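Taking it in order: structure first as structure tokens, then the write-up.
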Amino acid sequence: MNPVSRGVRNAFRNGIRTGSIVLILGLSIGLALTMLIAQKAVDNKIRNVKSSIGNTITVSPAGFQAGSQANNALTTDELAKVKALAHVSSVEESLSDRQSTTGSSSPSFGRFSGTDGSSQQTTTSLSSPITLSDGPRFFSGDSSDSSSADTTTFSLPVSFLGTNNPGSVSGNTVTLSKGNAIDGTADTNNALISTQMASKNNLSVGSTFTAYNATLTVAGIFTTGSSNQGAENTVVLSLPAMQRLSGNSGSVTSAIVTVDSLDNLSSVTDKVKSTLGSTADVTSAQQQADDTIKPLNSVKTVSTFSLVGAVVAGAVIILLVMVMVVRERRREIGVVKAIGGSNARIVGEFMIESLTLAVLGAVVGLLIGVVGGQPVTKALVSNSTASNSQMATTNGPGGRGFHIQRTGASSSGPVRPAGDRGFGEHFGNNATLRGVSDIKAQIGPSILLEGFSAAVFIAVLGSALAAGMIARVRPSTVMRTE
Amino acid sequence: MIAVKNLVKTFQSGETKVTATNDISFTVPDGQFASIVGRSGSGKSTLLSLLGALDKPTGGSIVVGDRDVTSMHDHELISYRGHSIGFVFQNYNLVPSLSALENVMLPMEFAKVPKAERMERATALLGEVGLEPDQMDRKPGRLSGGQQQRVAIARALANKPKLILADEPTGNLDSATGKMIFDLLHRLSRTENTTIIVVTHDLEIAGKTDRTFKLDDGRLVK
Numbered sequence: 276m277n278p279v280s281r282g283v284r285n286a287f288r289n290g291i292r293t294g295s296i297v298l299i300l301g302l303s304i305g306l307a308l309t310m311l312i313a314q315k316a317v318d319n320k321i322r323n324v325k326s327s328i329g330n331t332i333t334v335s336p337a338g339f340q341a342g343s344q345a346n347n348a349l350t351t352d353e354l355a356k357v358k359a360l361a362h363v364s365s366v367e368e369s370l371s372d373r374q375s376t377t378g379s380s381s382p383s384f385g386r387f388s389g390t391d392g393s394s395q396q397t398t399t400s401l402s403s404p405i406t407l408s409d410g411p412r413f414f415s416g417d418s419s420d421s422s423s424a425d426t427t428t429f430s431l432p433v434s435f436l437g438t439n440n441p442g443s444v445s446g447n448t449v450t451l452s453k454g455n456a457i458d459g460t461a462d463t464n465n466a467l468i469s470t471q472m473a474s475k476n477n478l479s480v481g482s483t484f485t486a487y488n489a490t491l492t493v494a495g496i497f498t499t500g501s502s503n504q505g506a507e508n509t510v511v512l513s514l515p516a517m518q519r520l521s522g523n524s525g526s527v528t529s530a531i532v533t534v535d536s537l538d539n540l541s542s543v544t545d546k547v548k549s550t551l552g553s554t555a556d557v558t559s560a561q562q563q564a565d566d567t568i569k570p571l572n573s574v575k576t577v578s579t580f581s582l583v584g585a586v587v588a589g590a591v592i593i594l595l596v597m598v599m600v601v602r603e604r605r606r607e608i609g610v611v612k613a614i615g616g617s618n619a620r621i622v623g624e625f626m627i628e629s630l631t632l633a634v635l636g637a638v639v640g641l642l643i644g645v646v647g648g649q650p651v652t653k654a655l656v657s658n659s660t661a662s663n664s665q666m667a668t669t670n671g672p673g674g675r676g677f678h679i680q681r682t683g684a685s686s687s688g689p690v691r692p693a694g695d696r697g698f699g700e701h702f703g704n705n706a707t708l709r710g711v712s713d714i715k716a717q718i719g720p721s722i723l724l725e726g727f728s729a730a731v732f733i734a735v736l737g738s739a740l741a742a743g744m745i746a747r748v749r750p751s752t753v754m755r756t757e
Numbered sequence: 005m006i007a008v009k010n011l012v013k014t015f016q017s018g019e020t021k022v023t024a025t026n027d028i029s030f031t032v033p034d035g036q037f038a039s040i041v042g043r044s045g046s047g048k049s050t051l052l053s054l055l056g057a058l059d060k061p062t063g064g065s066i067v068v069g070d071r072d073v074t075s076m077h078d079h080e081l082i083s084y085r086g087h088s089i090g091f092v093f094q095n096y097n098l099v100p101s102l103s104a105l106e107n108v109m110l111p112m113e114f115a116k117v118p119k120a121e122r123m124e125r126a127t128a129l130l131g132e133v134g135l136e137p138d139q140m141d142r143k144p145g146r147l148s149g150g151q152q153q154r155v156a157i158a159r160a161l162a163n164k165p166k167l168i169l170a171d172e173p174t175g176n177l178d179s180a181t182g183k184m185i186f187d188l189l190h191r192l193s194r195t196e197n198t199t200i201i202v203v204t205h206d207l208e209i210a211g212k213t214d215r216t217f218k219l220d221d222g223r224l225v226k
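Keeping their order, the protein sequence lines are chains X and A. Under my numbering, the first residue of the first sequence carries the number 276, and numbering increases by one thereafter. Under my numbering, the first residue of the second sequence carries the number 5, and numbering increases by one thereafter.
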């Protein structure tokens, strides 16, 4: 019998004790593995989020939040200065507004009243395709409107978006299913509507509807790649037409600046800030990504500490067990030394014994990790994103104004471009966080290898003190009677 | 030949200095069966530890054959214990997780004897000390005291040592079994030409050995 088989056999001298140790060790390694799985999943998610960062900068009027009744706005003249900056590829400008539906007694929530306060208090002949029974929950966060929101018969207002880039709505690329695109720079009364809006209002290409006391023609009907009630409830016009119809000539409520390279994003962001000064809020995609991964980083920190704690706990368990075993077998160690066994050989045998326990613990731990990895990861991320989301709702800009929050929906898309803020933000401003929550824990060979490596590390670390004790056992111990 | 000269071993017990062996000198020729007698605490077991290189003396020398054991380094002592000394203990001190056969093979494994040879020699030795074949695969817990001591003697003989040191080998056995074990050791000293030194309380056993040393308070008095 060689030292390896002796070491393995020694691990099973006391079945009940071995079983208990393996179980406790398994729980420790299982926790370590679960935390490792969570950490890897979070790492992957952070990598994905970072890789999806666009080289864009969002510009909005200072303090302006879509949905609030702010009176400030950017102007096309100001944005022209931004367009002229080095490394700026393009500037997508948009003006968003809402129109109450005909016959509704609801107040005009979230209307942008323009720089001169001349925004027209009009209604549209359209009806919103979104119904309250579909799941969205209406509430008014604005104290001035809360009483009416609770008591009046309410039909959702329809969003209107004027943009010089009608190819994108609510951060989603628009795909025309019928009709033609519109020119974002031409001042015409042509509009794009969603298939849901067309269906709700029995409209087709060439049909007309009214808004801002004007007759608008449906030029095209679009679909969006993913379910987005913000986009479905939006009428898209060219920017000049929207400025004219809403009486906000030259005003812009949101702009997306595209930079020629990610490397220049930071420097251009600073230049845009200094160009626009205090009139605008400037946020780069990098900053948005940083905000998005903030809850993930906290999960990563928690999982790292838990991982280290679990590995250390495992090592301490093995250490105490091996110390106990060495104390029990002092005489036996003395005998083996007396008959020619070297310290190295005896320590080796004990390390094999400790490794056997650790590997058995790792097998139990792997089962725990495989079963618990995904739910624990999801729970950690959900809790973290929920608390961040709550903080954002309580303290952040989205806490005011008009909101319809969707529940239970999932978004797996990339980080939403900044242009989404025009109106899409009302319809689930936590979509990015929901995307972050949609995290997949994967258990591959590398995880298994790392789990077993942790077991070996635990065994070696836990045997270190025992090895020192073994070296100190004098062979003359064997001469002493018990 | 074992030559012990001016052997001294002192211990520190609290603030008191205890002299376990005090200036002991003697010689034992090869193949002789010697015994050491004395009261408890007279230094018998300490002397045996020093002879077996289990402990280092404070002063003096022990020469076995042509090698001075007291000047050996630790790694040399391990080899010396493995190859040149065989131990038999009062409590048998077999490894409980190994079978009788594996216990006898263990010192041969340390001496790097090939596995087949280990197996063959261990089986022969166990047969020689009177263990039945069906008992060879039993673990110590399933052997009687006498059978365990036989296994211990077979283990002590495994590497054909020049010297066998036995500490009260019959101390835990009934008189009949004790006599059987003593006769076995006596016979082995003749057939294997091995020097055997036995520590015992039993003066009857001591009287049957070739030579008896008597210790009193760490000193050799006879």
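C-beta: ideal position from N, C-alpha, C; glycine also. Nothing here was measured: the structure is a model prediction, and the numbers come from that model.
Within chain A, the residues that residue i reaches when beta carbons sit closer than 8 Å
i, result
"G615 of chain X", "I82, S83, R85, G86, H87, P111, F114, A115, N163"
"N289 of chain X", "Going along chain A, no residue has its Cβ under 8 Å from N289 of chain X, so there is no contact; the nearest lies around 10 Å."
"R284 of chain X", "S101"
Contact test: residue i Cβ vs the ligand ATP heavy atom, cutoff 7 Å
i, result
"L102 of chain A", "The model depicted lacks the ligand ATP and carries no ligand whatsoever."
CB contact flag (residue i, residue j, <8 Å)
i, j, result
"A461 of chain X", "V493 of chain X", "no"
"I568 of chain X", "V324 of chain X", "yes"
"N197 of chain A", "G86 of chain A", "no"
"Q153 of chain A", "P137 of chain A", "no"
"T31 of chain A", "V22 of chain A", "no"
"L51 of chain A", "I28 of chain A", "yes"
"T199 of chain A", "L167 of chain A", "yes"
Cβ-based neighbour list, residue i, same chain, cut-off 6 Å, excluding 5 preceding and 5 following
i, result
"L306 of chain X", "A585"
"N330 of chain X", "V534, L537, L540"
"F287 of chain X", "T293"
"G640 of chain X", "G301, I304, G305, L308"
Helix, strand or coil at residue i according to DSSP, with G and I counted as helix
i, result
"V99 of chain A", "coil"
"V117 of chain A", "coil"
"S812 of chain X", "Here chain X has residues from 276 to 757 only, and residue 812 of chain X is not among them."
"I531 of chain X", "strand"
"N319 of chain X", "helix"
"D214 of chain A", "coil"
"R288 of chain X", "coil"
"I200 of chain A", "strand"
"V92 of chain A", "strand"
"G437 of chain X", "strand"
"K612 of chain X", "helix"
"V228 of chain A", "Within the shown structure, residues of chain A are numbered from 5 to 226, placing residue 228 of chain A beyond reach of any answer."
"T376 of chain X", "strand"
"K548 of chain X", "helix"
"G454 of chain X", "strand"
"I299 of chain X", "helix"
"G640 of chain X", "helix"
"N762 of chain X", "Outside the modelled stretch of chain X, which goes from 276 to 757, sits residue 762 of chain X, for which no answer is possible."
"P336 of chain X", "strand"
Closer than 7 Å at the beta carbon, the chain X residues around residue i
i, result
"F15 of chain A", "Within chain X, no residue comes near F15 of chain A; the closest Cβ sits about 11 Å away, beyond 7 Å."
"F91 of chain A", "A613, I614"
Interface partners of residue i on chain A, CB under 9 Å
i, result
"V622 of chain X", "Chain A residues near V622 of chain X: none, gap ~13 Å exceeds 9 Å."
Spatial neighbours of residue i in its chain, beta-carbon cut-off 8 Å, leaving aside the 5 residues before and after
i, result
"G282 of chain X", "G623, E624, F625, M626, I627, E628, L630, T631"
"M123 of chain A", "L105, M109"
Chain-order list of residues whose beta-carbon lies under 7 Å from that of residue i (same chain, five-residue window excluded)
i, result
"V433 of chain X", "R373, Q374, T376, T399, L401, S403, N508, V510"
"T213 of chain A", "F37, A38, S39, V202"
"L724 of chain X", "none"
"A555 of chain X", "V334, S335, P336, A337, L349"
"V577 of chain X", "L655"
Chain X contact residues for residue i, given Cβ-Cβ distances below 8 Å
i, result
"V99 of chain A", "E607, V610, V611"
Within chain A, the residues that residue i reaches when beta carbons sit closer than 7 Å
i, result
"S751 of chain X", "S53, L58, D59"
Residue-level contact to chain B via CB, residue i, 8 Å cutoff
i, result
"L349 of chain X", "Here chain B cannot be found, since the structure's protein chains are X and A."
Relative to chain X, which residues along the stretch 210-225 of chain A have a C-beta separation below 8 Å, given in chain order?
So nothing in the stretch comes that close.
For the stretch 551-584 of chain X, which residues have a beta carbon sitting closer than 8 Å to at least one beta carbon of chain A?
Answer in chain order: no residues at all.
Name, going along the chain, the residues of the stretch 136-165 of chain A whose beta-carbon falls closer than 9 Å to a beta-carbon of chain X.
Listed in chain order, the positions of the stretch 136-165 of chain A with a beta carbon within less than 9 Å of a beta carbon of chain X are R159, A160, A162, N163.
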